[in-house]
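Residue numbers (the numbering used here): 8 to 126.
1) Return the chain-ordered list of same chain residues with a C-beta closer than 6 Å to the C-beta of residue 36, the five sequence neighbours on each side being excluded.
2) Label residue 54 either buried or exposed according to how many other C-beta atoms from any shown protein chain fall within 10 Å of its C-beta, with 16 as the threshold for buried.
3) Indicate whether residue 62 and residue 32 have their beta-carbon atoms separated by less than 8 Å.
4) What residue from 34, 44, 30 and 12 has the CA that sits closest to residue 22's CA?
5) Following the continuous alpha helix (DSSP H) through residue 38, name the residue where it begins and the one where it ends.
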């Protein structure tokens, strides 16, 4: 099952609350509700918990909270396929680099920019 394909849960009454929170982008509430379901049946409800954590991490990255997102990504590594966490880590690194370039000293900004272009 695709870890972010939530269509199988549309007919699951136990998942209705989580789906509602996900649709409303209430990531923390969705995550808390999904954790309870996950405790009951890891295999079945893992996609809900993964989706909630992806949403939370992406929101944190959008707000420039790269270090906070790192904690969520670390947790995702324990429940999601490796590609999910790797994609979020790549985005986190971009956010961190952009912050250094925008807010760091000129030397830090130059070193970071050089590191990006010389990859």
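Quick reminder that beta carbons are idealized off the backbone N, C-alpha and C, glycines included.
This is what the structure holds:
1) Walking along the chain shown from the start, residue 36 turns up at place 29. Once the five neighbours on either side are set aside, the close Cβ partners of residue 36 are 28.
2) Along the chain shown, read from residue 1 onward, the residue named residue 54 stands at position 47. The residue in question, residue 54, is buried, as its Cβ has 16 or more Cβ neighbours within 10 Å.
3) Position 55 of the chain shown, counting from 1, holds the residue named residue 62. Position 25 of the chain shown, counting from 1, holds the residue named residue 32. Contact: yes.
4) Counting from one through the chain shown, the residue named residue 22 turns up at place 15. Nearest of 34, 44, 30 and 12 to residue 22, Cα basis: 44.
5) In the chain shown, residue 38 corresponds to position 31, counting from 1. From DSSP, the alpha helix (DSSP H) with residue 38 extends over 34-47.
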